[in-house]
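First residue of the sequence shown? That's 1383 in the numbering used here, and the numbers climb one at a time after it. Yeah, the Cβ is synthetic: ideal placement off N, Cα and C, and Gly gets one too. Let me begin by presenting the structure, written as structure tokens, before commenting on it.
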Amino acid sequence: MRILVTKRQPSFFFFLVEDHIPFERLWWSFFEKMQPATWKVLVHFSSNKTVERKFRFDHTIVPWQRSQWCNIVHAEMEGYRKALEFSDAFGVILLSASHFPIKPPELVYSVLKESKGSMFVYKNQDSRTIRHRRRRKDAYRSKQFFLHPHKAETWNFLKQRDVEMLLRHYDSEGGAELSDKIVSGSSDIKEFQGSKCAEENYPLYALRTQGARDIADSTVPIFALWSIKDLKREEYGGGYS
């Protein structure tokens, strides 16, 4: 049954994957329950191979950019740039191959549209919890979906105004070089304690230095990961290609 909603601005679901979307059928079912005008899909493949990829739902391919474990900033920026070609969108949701929706489409839309600002859910991760559960594999298997019982993890959502702000910083303030320095350890930027990953530090740093306000956390789990074991180093390419 299709859920009927009034005409609203669309949001972008931006998938950064290696060469496919594992939960494609689930996402297809999710999108089928939304009005066509309320969503658009962007896909960036870390695998730089010229092969034809087909999905059940409409999507736009983001031009390839180099990526590596702990630094997908260059691919992120290319996707945000593509999203700005559609002036009617209100924001972009960044997702990995491991994500799937756990709330109905109308609730997901409402949570994002009504948020005061962009959301960076990954900055609530507790690295000590991750290490603890890696040591105790049996204890982790009983909680496949969450590191915290009340929150899905490692996705973010940028309002359109913050997408524009982030791209201005990336283009005019050497964002590409800065993100590489964060990963190499030659930068002292640490917006997210316990991580040296560029995608977890650079966007927050860039937005705050540009005067962004109302950066929020999601208190409603709307996306989840299948398992932290899927976040292996090879999931998004394993290195520059």
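Can residue i and residue j be called in contact, C-beta distance under 8 angstroms?
i: Phe1539; j: Ile1475; result: yes
i: Ile1403; j: Pro1483; result: no
i: Phe1394; j: Ala1479; result: no
i: Ser1449; j: Ser1428; result: yes
i: Thr1420; j: Tyr1491; result: yes
i: Val1444; j: His1426; result: yes
i: Glu1581; j: Asn1430; result: no
i: Lys1436; j: Ala1471; result: no
i: Glu1400; j: Arg1438; result: no
i: Ala1606; j: His1551; result: no
i: Leu1494; j: Phe1397; result: no
i: Trp1451; j: Val1503; result: no
i: Ser1569; j: Leu1560; result: yes
So, with DSSP's three-state summary, where would you put residue i?
i: Pro1483; result: strand
i: Met1547; result: helix
i: Ser1577; result: coil
i: Ala1594; result: coil
i: Phe1405; result: coil
i: Val1399; result: strand
i: Lys1541; result: strand
i: Ser1554; result: helix
i: Ser1569; result: coil
i: Lys1415; result: coil
i: Trp1410; result: helix
Considering only the alpha carbon of each residue, which of the options lies closest to residue i?
i: Gly1461; options: Leu1586, Glu1555, Arg1390, Gln1447; result: Gln1447
i: Pro1585; options: Ser1469, Gly1557, Ala1606, Lys1563; result: Gly1557
i: Gln1542; options: Asn1453, Ser1500, Glu1581; result: Ser1500
i: Gly1473; options: Val1545, Arg1438, Lys1578, Lys1436; result: Val1545
i: Arg1463; options: Leu1549, Glu1414, Leu1489, Lys1572; result: Leu1549
i: Pro1487; options: Leu1408, Lys1498, Ile1571, Ser1568; result: Leu1408
i: Ala1594; options: Arg1390, Met1547, Pro1392, Glu1496; result: Met1547
i: Asp1562; options: Cys1579, Ser1554, Leu1489; result: Cys1579
i: Glu1458; options: Leu1424, Ser1577, Pro1392; result: Leu1424
i: Asp1553; options: Asn1583, Glu1414, Gln1592; result: Gln1592
i: Phe1468; options: Lys1572, Gln1391, Phe1413, Ser1577; result: Gln1391
i: Lys1485; options: Lys1415, Ser1497, Asn1583; result: Lys1415
Give me whichever residues DSSP pairs with residue i in a beta bridge.
i: Ala1606; result: Phe1482
i: Phe1394; result: Lys1422, Val1474
message: Please give me, in chain order, every unbroken run of the beta strand (DSSP E) with length at least 3 that falls completely inside the stretch 1421-1501.
response: 1421-1427, 1473-1478, 1481-1483
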